[in-house]
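Everything on this sheet refers to the single structure shown next.
Chains as they are written, first to last, in this note's numbering: chain A, 1 to 298; chain B, 1001 to 1315.
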């Protein structure tokens, strides 16, 4: 695909998945290489259901999109699933980055109009993505063993950081929480990165007390230099409590209703607390990954 | 070559495309060259720190969006010390936008902000969401006159007054603002609305009511621009639901000298730049040497006799 920045038929509402005919921004006028993000049209390589609710989307990404780091997200212009229009983009974190093939993968749950519209994309269609956006996960070179704890679709967000840890020879223990075995997504992918512990609602192993026992055991075995979590407020609160008690640094990837995705609109705020003082931060530009001890809840 | 410049009183913009206050910040430099814009418009600032309204702060609706952000701000000191210099890294004129709850504070804010490096003072007397009752100065002719008059006496900075579509008689408010010394009018802020979530039976917005914006409101605001342009001599800046070049043309034909763009940036972050390029191409194709010639160019004849119109070709 073209590496030039373009803006999809940018001023025509409702033309989200159509191919671009005219690049509206002359490339020479735009200091494109200096800008960290762009609006790009990415062809769909494959798009398959992995169970009744989750879909796996692979797109061919622009060179700039491929600069995405673990925990960052794209703001997607989803096609409409019905006779109406969609007027907001939908933020979506990346599940896998394949720089060799030039592909970015998303794993998402069909829950509302945006994701149901996204699910209609077929191979060969183009997806309009703005990004990469936001502040992602950080890996401290001093960490030798990390623990990632994901629930439901939040597991997907922890994919790239697990991938990066493995590439950096950092050990990963992935605790994947889901309703039943069909919804433990991508455990094969996480097995490539490290040890996987699946906990389920169906056999009760996903109970917070049991996850706490697992985490305590990892702490005792010195397999928890840092915590990473996404997908459940209860599991986040658990990790935050244990992290505080054992002085283990942690990061949480959060979500919030979002509009612009770039900072100006102040729609996607969450509450944080530093030294007893509460403040609001924007998920889109201050996050979506935040310090676990400063985050209050989501 | 098309002359894309427009004059708003003493201020010349290199093109008529500006962001709407609250939909823009230097964060947009992540994806676009801010120096392309006709002007930069800062988010409205008030004297004290404001947390803003409870989330969810926005929701999608058919035709656009509804929002109630609640004017979060770090306050005037932070704005003057950090945000103004941050904006001044870029070349377009800077429009500083102010808000206050009392006429006295409005005057003091105007005095303090006008002393800074801003080029234009936007007086936001029309935010529908900072007051839970939806009230604001721009709903009333007399309140508008009083606050604008007082601010005019404190500063010679170009002053743009942002009106509310929620006023019963927006033309009367426009005339009051002109009489009180406004240099231009921004028409307009958002339309107060309510969206209810049919799953939860609760308002979709944390603050219950929100301001409606996006392409769905455009015909309403174009009509208001037309009416205000007929009633006042000062320039009008059209603001509401622009998503394409033709929308800008429409606002200008109705009487606007320039426009502000909000919602589109959320959908297409580089949309303003695309519209600047597209508007120039549109003018060239239609044989307009100056974009400013579009202002007020709507052909405004008395309606045809009905039988004659019904017998005429379409278009």
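Every residue, glycine too, gets a C-beta built ideally from N, C-alpha and C. Given the structure is predicted, the values throughout are model-derived calculations rather than measurements.
The three-state reading of DSSP puts residue 1245 of chain B in helix, counting H, G and I together. Within the same chain, 1110, 1114 come within 6 angstroms of residue 1155 of chain B by CB-CB distance, once the 5 residues on both sides are set aside.
When secondary structure is reduced to three states using DSSP, residue 168 of chain A falls in the coil class, being assigned neither helix nor strand. A direct Cα-to-Cα measurement between residue 1246 of chain B and residue 1008 of chain B gives close to 21 angstroms. In this structure residue 149 of chain A touches residue 229 of chain A by the C-beta definition: roughly 5 angstroms separates them, less than 8 angstroms.
Residues of chain A whose Cβ lies closer than 7 angstroms to the Cβ of residue 1027 of chain B are, in chain order, 262, 263, 264, 285. For a Cβ distance threshold of 8 angstroms, nothing in chain A lies close to residue 1217 of chain B: the least Cβ distance comes to about 12 angstroms. The three-state reading of DSSP puts residue 1076 of chain B in helix, counting H, G and I together. For the pair residue 76 of chain A and residue 156 of chain A, the Cα-to-Cα distance works out to about 16 angstroms. The C-beta of residue 212 of chain A comes no closer than 8 angstroms to any C-beta of chain B. Membership of residue 1282 of chain B in any beta strand (DSSP E) is not indicated; the residue belongs instead to the alpha helix (DSSP H) covering 1271-1286.
As the crow flies, the alpha-carbon of residue 1219 of chain B is around 38 angstroms from that of residue 1082 of chain B.
When C-beta atoms of the segment 1296-1312 of chain B are compared with those of the segment 291-298 of chain A, fewer than three pairs fall below 8 angstroms, so the two segments do not count as touching. The Cβ of residue 1067 of chain B sits closer than 8 angstroms to at least one Cβ of chain A. Taking residue 240 of chain A as the centre and dropping the five residues before and after it, the same chain places the C-beta of 292 closer than 6 angstroms to its C-beta, in chain order. For residue 79 of chain A, the secondary structure class from DSSP, reduced to helix, strand or coil, is coil. The Cβ atoms of residue 1240 of chain B and residue 1221 of chain B sit closer than 8 angstroms to each other. When the alpha-carbon of residue 1080 of chain B is set against those of B/1067, B/1116, B/1108, the nearest one is in B/1116.
When the beta-carbon positions are compared, residue 1188 of chain B and residue 1212 of chain B stay at least 8 angstroms from each other. If you draw a straight line from the Cα of residue 42 of chain A to the Cα of residue 1167 of chain B, it is about 45 angstroms long. Taking all protein chains in view, the Cβ of residue 111 of chain A is surrounded by fewer than 16 other Cβ atoms within 10 Å, so the residue is classified as exposed. Contact with chain A is absent for residue 1228 of chain B, since none of that chain's Cβ atoms lies less than 8 angstroms from the residue's Cβ. In the three-state reduction of the DSSP assignment, residue 1179 of chain B falls in the helix class, which pools H, G and I. At a cut-off of 8 angstroms between beta carbons, residue 1023 of chain B contacts chain A.
Note on geometry: alpha-carbon atoms of residue 1173 of chain B and residue 1010 of chain B lie some 23 angstroms from one another.
By the criterion of a C-beta distance shorter than 6 angstroms, residue 276 of chain A is surrounded by no residue of its chain, once the five residues flanking it on both sides are discounted. For residue 95 of chain A, no beta strand (DSSP E) encloses it, and the DSSP letter there is neither H nor E.
Following the DSSP letters along the chain, one finds residue 1239 of chain B inside the beta strand (DSSP E) bounded by residues 1236-1239. If you draw a 10 Å sphere on the C-beta of residue 65 of chain A, you find 16 or more other C-beta atoms in it, and that means buried. Excluding residues up to 5 positions away in sequence, 1004, 1038, 1276 lie with their Cβ nearer than 6 angstroms to the Cβ of residue 1015 of chain B in the same chain.
Residue-level contact check: residue 252 of chain A does not touch chain B, since none of the beta carbons of chain B fall below 8 angstroms from its beta carbon.
The Cβ atoms of residue 114 of chain A and residue 72 of chain A lie no closer than 8 angstroms to each other. Around the Cβ of residue 1078 of chain B, a 10 Å sphere holds fewer than 16 other Cβ atoms; the residue is exposed.
Taking a Cβ-Cβ threshold of 9 angstroms, none of the residues of chain B is close to residue 61 of chain A; the smallest such distance is about 16 angstroms.
Going by beta carbons, residue 1179 of chain B and residue 1145 of chain B fall inside the 8 angstroms limit.
Any Cβ of chain B closer than 8 angstroms to the Cβ of residue 84 of chain A would place that residue at the interface, and such an atom is present.
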